[in-house]
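Data block below; observations after.
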Amino acid sequence: MKPPRTPAAHRVLTLWADAGRAGRFHTTARWWSAPFAELELEVPLAGDILEIGCGHGVFTSYLAITSRARRVVGVDIDADKIQRAERACAGLEPDEATLRFETIPSGTVPRIDGGWRSIVFADVLYLLGRERRAALLAECVEALAPGGLLVIKEVDTTPLLKAKLTYLQELISTKVLRITDGHTLEFASSEELAALLVDLGLSVMAKRIDHGYLHPHCVVLGTKPMRSDLRSDLRSEETTGDSSF
Ligand SMILES: C[S@@+](CC[C@H](N)C(=O)[O-])C[C@H]1O[C@@H](n2cnc3c(N)ncnc32)[C@H](O)[C@@H]1O
1252 MKPPRTPAAH RVLTLWADAG RAGRFHTTAR WWSAPFAELE LEVPLAGDIL
1302 EIGCGHGVFT SYLAITSRAR RVVGVDIDAD KIQRAERACA GLEPDEATLR
1352 FETIPSGTVP RIDGGWRSIV FADVLYLLGR ERRAALLAEC VEALAPGGLL
1402 VIKEVDTTPL LKAKLTYLQE LISTKVLRIT DGHTLEFASS EELAALLVDL
1452 GLSVMAKRID HGYLHPHCVV LGTKPMRSDL RSDLRSEETT GDSSF
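Its first residue numbered 1252, the sequence shown is counted upward by one per residue in this note's numbering.
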């Protein structure tokens, strides 16, 4: 559990100051329990950034406020949360952040010309189940620009005690309080996520970002090759005898 420490973190939470007691509590609790300050450091500082499953938009707005060179889009399947995110972020000055939100159908990834510099997930993939998760990540790889970065923040499946606490909390959020939409509850280990990204052709690294937190937070980073057609280019140059390299 960590309090907001930087001016940007405090600025984000002031956006929800008029969101009612429940809205303020949710966004503040989310900040204290999720390693958003650590996660932001993994996201490219500039370019088109997509956050899938942005919820109320706490991390989305933090990404946009911490670097004006980021053009950030937050999407979610929950139209109500997107409306609340839009209402809160309407409080931003035009020169403070480049940010917008959109409701999307489950399983879809918005496309832009040239592809996204980065696509980010913060605690979303455990709600999808194995098959939908794999299909959505494959879509993400297609939607990334060459050299683009997939940033996946999830909770790991070890150590067992921390993982069990997370499972219990999420069970209450999804099945009892119903504050989170999702198909299922199925946590994947950082190793499983990393293997999935390797299979999709990305260069991968994974690390823990849970120091000082109750939950076993981890981040898995996957970089798309700059030119996926490089091998076939080389092969066709070999056959045509072109040696301009
Ligand atoms: C635990 S919340 C995390 C919200 C936000 N990323 C954060 O860190 O505060 C999970 C979010 O994922 C969204 N979600 C679930 N399945 C989704 C899907 N298939 N596509 C996009 N969003 C999804 C839910 O509506 C919910 O807002």
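Glycine included, C-beta positions come from ideal geometry on N, C-alpha and C.
All values reported here derive from a predicted model rather than from experimental measurement.
query = At a cut-off of 7 Å, is Lys1332 close to ligand 1 when judged by its beta-carbon and the heavy atoms of the ligand?
reply = yes
Whole runs of the beta strand (DSSP E) within the segment 1343-1394, excluding any shorter than 3 residues = 1349-1354 and 1367-1373
task = Have a look at Ser1494 and Met1477 and give me their C-alpha separation to the nearest angstrom.
result = A caution first: Ser1494 carries a pLDDT of 35, below 50, which makes its placement in the model too unreliable to give a value.
ask   = Would you say Ala1339 and Cys1305 are within 8 Å of each other, going by their C-beta atoms?
value = no
message = Check for me: the beta strand (DSSP E) holding Glu1337 runs from which residue to which?
response = Careful: Glu1337 lies outside any beta strand (DSSP E), inside the alpha helix (DSSP H) at Ala1330 to Cys1340.
ask   = Based on the DSSP secondary-structure assignment, which residues constitute the bridge partners of Thr1474?
value = Leu1400 and Ser1454
request  = Please classify Pro1255: does DSSP put it in a helix, a strand, or coil?
outcome  = coil
query = Should Ile1333 go down as buried or exposed, given a rule of 16 or more other Cβ atoms within 10 Å for buried?
reply = buried
request  = Please determine, among Ala1396, Ala1389 and Lys1458, the residue with the shortest C-alpha to C-alpha distance to Asp1450.
outcome  = Ala1389
query = Should Cys1305 be counted as a contact of ligand 1 given a C-beta to heavy atom distance under 7 Å?
reply = yes
request  = Whole angstroms is fine: what's the gap from Ala1273's alpha carbon to His1307's?
outcome  = 12 Å
request  = Could you tell me if Phe1372 is buried or exposed, where buried requires 16 or more neighbouring beta carbons within 10 angstroms of its beta carbon?
outcome  = buried
request  = Could you check if His1468 is buried or exposed, using at least 16 other CB atoms within 10 Å of its CB as the buried criterion?
outcome  = Buried, because 16 or more other Cβ atoms sit within 10 Å of the Cβ of His1468.
Nearest neighbour of Ile1460, chosen from Leu1453, Thr1474, Val1406 and Ser1454 [CA to CA] = Val1406
task = Would you decide whether Lys1458 is buried or exposed? Buried here means 16 or more other CB atoms lie within 10 Å of its CB.
result = The residue in question, Lys1458, is exposed, as its Cβ has fewer than 16 Cβ neighbours within 10 Å.
task = Would you tell me roughly how many angstroms separate the C-alpha atoms of Leu1481 and Leu1411, rounded to the nearest one?
result = The predicted model places Leu1481 with a pLDDT of 49, which falls under 50 and marks its position as unreliable, so this point remains unresolved.
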